[in-house]
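Reading through the structure tokens given below for one structure.
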Amino acid sequence: MNLKSAQFKLQARKAIGDADLRIKVKKATGTSLAKRKQVVEELADWEELRQKGHELRKIVVDNLDSYLSQFIESARRNGGIVHEADDHKSAKHIIYDIIRRVSADTVVKSKSMITEELHLNSMLEENGIRVIETDLGEYIVQLAGETPSHITAPALHKSKEDIARLFQEKLNMPYFDDPAKLTAAARERLRDEFLHARVGISGVNFASADTGTLTIVENEANARLCTILPEVHIAVMSVEKIIPSFDDLPLFLKLLTRSATGQRITSYVSLVNGPRSHHNPDGPRQLHIVILDGGRKRLAKHPEWKEALYCIRCGACMNICPIYQSIGGHAYGSVYPGPIGAVITPTLFNMKDSQDLPFASSLCGACTDICPVKIDLHHHLLFERREIVNRGYKSFIEKIGMAVWRWTMLSSGRLEFTGRIGWLLRKVLGKNMPAPGWTPHRQFPVIALRSFRSLMKNDTKYGT
Amino acid sequence: MRTPHLFVPCIVDQLYPATGIAAMKLLRAFGCDPQYDPRQTCCGQPAFNAGYHDDARIVAEHFIEVFKDADEIVSLSGSCATMVKVFYPQLNFSEKVNETVRAITSKTFEITDYIVNKLGVTDFDVSYDGRVAYHDSCHIMRELRITGEPRKLLRSVKGLELVELDLADRCCGFGGLFAAKFPEISVAMGEEKLASIQRAEVDLVVGCDNSCLMHLQGLAEKRGMNLQAKHIVEFLGNLIK
Amino acid sequence: MEHKLLSLFQSRVQDSGGWCEIVDSEDEVFTTLQKKYTFEKEKVIVSGRAAEQLRASGLPGVDIETVHPEERRGLLTNAKLGITLCDGLIAETGTVVLLNHPSETRELSLLPEYHVVIAASDQLYESLDVCLSKIRRLYADGLMPSITLITGPSRTADIEKTLVVGVHGPREFGVIVI
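Chains as they are written, first to last, in our numbering: chain A, -13 to 450; chain B, 155 to 395; chain C, 35 to 212.
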């Protein structure tokens, strides 16, 4: 796992210094939030839907193995070829093998966070295969040689001017910063690729255990093109994408699309029930389903961490998070940014390297309130902070500091003494009082001449 | 007569004693006989939030020892009340202490919640001429779900015009240790809150947590912005003759 | 009640950027299409099952079943308008439900610049729940075909959250409910 979270502090500071970035991110997240609010408020039973979603996700994660085998059986019955991959490396090999066996040199790809997690594109490209991202946002990010900064709006960190310059440089076309024209340019260039590619790769939003149905949610129709036109469709998913039943789809679609883009439903929802066959007259000749574990089965067994697997990847927690809004997605240094990223990166990938992420939160709880499947996101950050301390990742100085704090707080006399030292320092040093992390940016408060406890000694009731 | 035990967080004790004095005055005005036990120090939240649950638990045990016999515990901070009510059950106390914790959790109240819902005060005879905004601190708003009570108290002040901030449900960026660990992000969030306050054109911002107000005040002062921020109890207490 | 659902459906299709006309009989389909589009007949491709239904009242374009299978994709790529039937309408969201049907390739709703659906008012469901559970019952004894839910034209908001209609799929989407 290529994790850049270890440099989080540096990356966050750099992002904060980029005023343009903040404006772009705020504008985009604000638009999504406003649209979401409208379509959520029209549903009187939204809270019950969230609760139901939470419960169903819990059932799946608690019984992951049995739902997984049920899904695999159903998918095979539909004619799908199912591959299970324990880790990233084997998932990539499976996918590469499928492509090689049909001697394809180009694949068209629709949005999939799992393939981002796998760093699939770079592996395929190293092996001489052209990979073409076809979701407009992903296409932009790929042209720029970057990674997505948001799970549902990959190019959210780019302005239309940025994109116009990018297209001018990479696609040899005149500069125009009209989103409609830029979109048309991408359509024109990608159409032929869809028609000629022999392999299409897509992600999966939901996989119904009882019917083997793969649900793919999108707006642009690029996922339909990737999954219907080529001879071979490779659907890449992780184990926790499973939902119990086909009958649960309306609920999860409602939770997902309203939270993600503020749409009652997206333009297209494809319910894929197998490759071309007697019951499915058109579509690809082969449907491969690659199911990645990648540490998720381990998480599913953990009493606390398993909850992060309930996530349906709507991105609403990123949109509402004041920290995400301030620094954007790249600073997190993980495929999954924002609150869910800060929760899942340490437990799924590498806790030591990503130990700053759970601390980079004011614990305001806005993410928990917006989560459509009621993941207790900000409390999970607290659980992980405890784990990071217990594993001894914190500095010796911090540990000593905490011990001194504890010793001080175990006696009211020591607290009072410390407070008075503070008063004296503030008196002598005035506004130059040093307080690391505080004073360079904020004025240090005036410390009262007498503390409350000392004033209370004069209170008639408590006077001595 | 009710005898609420005042839970005075360390920040209030050492930095903002006026809030504590005003709380005594208010509770007495509402017919209570407030108690203060000077053995109290801190609820343990700084260590808890930093991930040091063992240190937090040890300090929490001191808190429990001080307050175990109180009938009612009234906190002068929404955040510290949250520590007791929401996070104490997550600390690994011995079974014996846990029993006391359960009792303490249910008898701890944030002060505006206590005044409105326990004392039943919704109207009192004071007046203030000016525009005031209420700042929702995250813990009181999202952990304790207290949003109406402080507003109710403010609305009962004659002449006071209560103004809603356009980013009312947005965190100010304080977040305890977060403010010092990630000052750049914290400051960026605080600046947005200050801008929202400026847009509201108020004379005063009141809240239920001195810590958030201290952050905003410190930011404003550094920028030469004139911000009047006060704990709601201090504001209301000063209105009483 | 039914009328109320139908007008909800109509307004939700419009919300999603599509158009929806309600007509009395098949005879009006042709004129409705003529009012909307003036394409040459060879640029309009009609699915097999749609052609069967419309033949009596006037076929607005080429019946795809009459085209050699290997030429269909090329024809559809250059087509202006694709016409299909559907298997359900969802009032709550303005969605059209299409089952993968032997005489109606999914490319018809995907490759041409415009896509028009001919539907019947008795295909209207209040919500997706009801419609999907009916489809599931229909195939209780065997395997279900793939299902496509279409709501409005293809769209994106990937550039500064500005809505652009017509990305990789149809630029315009319409429903004629009989």
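For each residue, glycine too, the CB sits at the ideal point set by N, CA and C.
Examine chain A for any beta-carbon lying closer than 9 Å to the beta-carbon of residue i, and answer yes or no.
i	result
glutamate 338 of chain B	yes
aspartate 323 of chain B	yes
lysine 335 of chain B	yes
threonine 195 of chain B	yes
arginine 140 of chain C	yes
arginine 46 of chain C	yes
isoleucine 79 of chain C	no
Please say whether residue j and residue i have beta carbons closer to each other than 9 Å?
i	j	result
aspartate 121 of chain A	alanine 209 of chain A	yes
threonine 182 of chain C	valine 151 of chain C	no
tyrosine 197 of chain A	serine 52 of chain A	According to the sequence displayed, residue 197 of chain A carries threonine and not tyrosine. Cβ atoms of threonine 197 of chain A and serine 52 of chain A: not closer than 9 Å.
leucine 237 of chain A	asparagine 191 of chain A	no
aspartate 363 of chain B	glutamine 382 of chain B	no
leucine 401 of chain A	threonine 195 of chain B	yes
glutamate 499 of chain A	isoleucine 118 of chain A	Since the displayed chain A opens at -13 and closes at 450, residue 499 of chain A lies outside it and no answer follows.
alanine 201 of chain B	tryptophan 391 of chain A	yes
leucine 331 of chain B	phenylalanine 345 of chain A	yes
glutamate 76 of chain C	glycine 208 of chain C	no
alanine 389 of chain A	aspartate 209 of chain B	yes
cysteine 353 of chain A	glycine 324 of chain A	yes
leucine 245 of chain B	alanine 287 of chain B	no
serine 180 of chain C	glycine 65 of chain A	no
serine 312 of chain A	isoleucine 2 of chain A	yes
Quick one: grab the DSSP three-state call for residue i.
i	result
histidine 202 of chain C	coil
glutamate 226 of chain A	helix
glutamine 48 of chain C	helix
tryptophan 53 of chain C	strand
lysine 195 of chain C	coil
glutamate 63 of chain C	Checking the sequence shown, residue 63 of chain C turns out to be valine, not glutamate. It is helical.
leucine 393 of chain B	helix
glutamine 189 of chain B	strand
phenylalanine 162 of chain A	coil
lysine 222 of chain B	coil
glutamate 126 of chain C	coil
glutamate 70 of chain A	strand
glutamine 429 of chain A	coil
Answer yes or no: does any C-beta atom of chain C fall closer than 9 Å to that of residue i?
i	result
glycine 123 of chain A	yes
lysine 144 of chain A	yes
arginine 22 of chain A	no
threonine 197 of chain A	yes
alanine 246 of chain A	no
phenylalanine 162 of chain A	no
Under 8 Å Cβ-Cβ, which residues of chain C neighbour residue i?
i	result
alanine 193 of chain A	Within chain C, no residue comes near alanine 193 of chain A; the closest Cβ sits about 14 Å away, beyond 8 Å.
Interface residues of chain A around residue i at Cβ under 8 Å?
i	result
glycine 186 of chain C	Ser253
leucine 180 of chain B	Ordered by position in chain A, no residue passes the 8 Å Cβ test against leucine 180 of chain B, which lies about 14 Å from the chain.
histidine 135 of chain C	Pro267
valine 201 of chain C	Leu122, Thr169, Ala172, Arg173, Asn205, Glu206, Ala207 and Asn208
phenylalanine 332 of chain B	Phe345, Ala346, Ser347, Ser348 and Leu349
So with Cβ pairs under 9 Å, would you call residue i a contact of chain B?
i	result
glycine 449 of chain A	Note that glycine 449 of chain A scores a pLDDT of 40, beneath 50, so its modelled location is shaky; the value from the coordinates is reported in the next line. Chain B, which has no Cβ nearer than 9 Å to the Cβ of glycine 449 of chain A, makes this no.
methionine 388 of chain A	yes
threonine 394 of chain A	yes
leucine 401 of chain A	yes
asparagine 338 of chain A	The amino acid at residue 338 of chain A is misidentified as asparagine; the sequence shows lysine. Closer than 9 Å: no.
Who are the neighbours of residue i on chain B, taking C-beta pairs under 9 Å?
i	result
glycine 416 of chain A	Ordered by position in chain B, no residue passes the 9 Å Cβ test against glycine 416 of chain A, which lies about 13 Å from the chain.
threonine 405 of chain A	The sequence as given places glycine at residue 405 of chain A; threonine does not occur at that position. The answer, in chain order, is Cys164, Asp167, Gln168 and Leu169.
cysteine 303 of chain A	Within chain B, no residue comes near cysteine 303 of chain A; the closest Cβ sits about 14 Å away, beyond 9 Å.
For residue i, go through chain C and note every residue whose CB falls closer than 7 Å to its CB, in chain order.
i	result
valine 11 of chain A	The premise fails here: valine 11 of chain A is roughly 11 Å from chain C at the closest Cβ pair, so nothing lies under 7 Å.
valine 185 of chain A	Correct list: empty, because the minimum Cβ distance to chain C is about 17 Å.
isoleucine 149 of chain A	Ile193
proline 165 of chain A	Ile193, Glu194, Thr196 and Val198
Under 8 Å Cβ-Cβ, which residues of chain B neighbour residue i?
i	result
leucine 441 of chain A	Pro171, Gly174 and Ile175
In chain C, which residues lie less than 9 Å from residue i when you measure between Cβ atoms?
i	result
aspartate 233 of chain A	Asp163, Leu166, Ser167 and Arg170
Show which residues of chain A have a CB atom less than 9 Å away from the CB atom of residue i.
i	result
glutamine 371 of chain B	Arg428, Gln429 and Pro431
* Asked: Can you find at least 3 beta carbon pairs, one from the region 312 to 320 of chain B and one from the region 360 to 374 of chain A, that sit closer than 8 Å?
  -> no
Note to self: Check whether the region 372 to 379 of chain B and the region 420 to 438 of chain A are in contact - that is, three or more C-beta pairs closer than 8 Å.
What the structure shows: yes
Under 8 Å, with one C-beta from each stretch per pair, do the region 181 to 190 of chain A and the region 213 to 230 of chain A reach the 3-pair mark?
yes
Can you find at least 3 beta carbon pairs, one from the region 101 to 117 of chain A and one from the region 291 to 300 of chain A, that sit closer than 8 Å? Taking one beta carbon from each stretch, the region 101 to 117 of chain A and the region 291 to 300 of chain A have fewer than 3 pairs nearer than 8 Å; the two do not touch.
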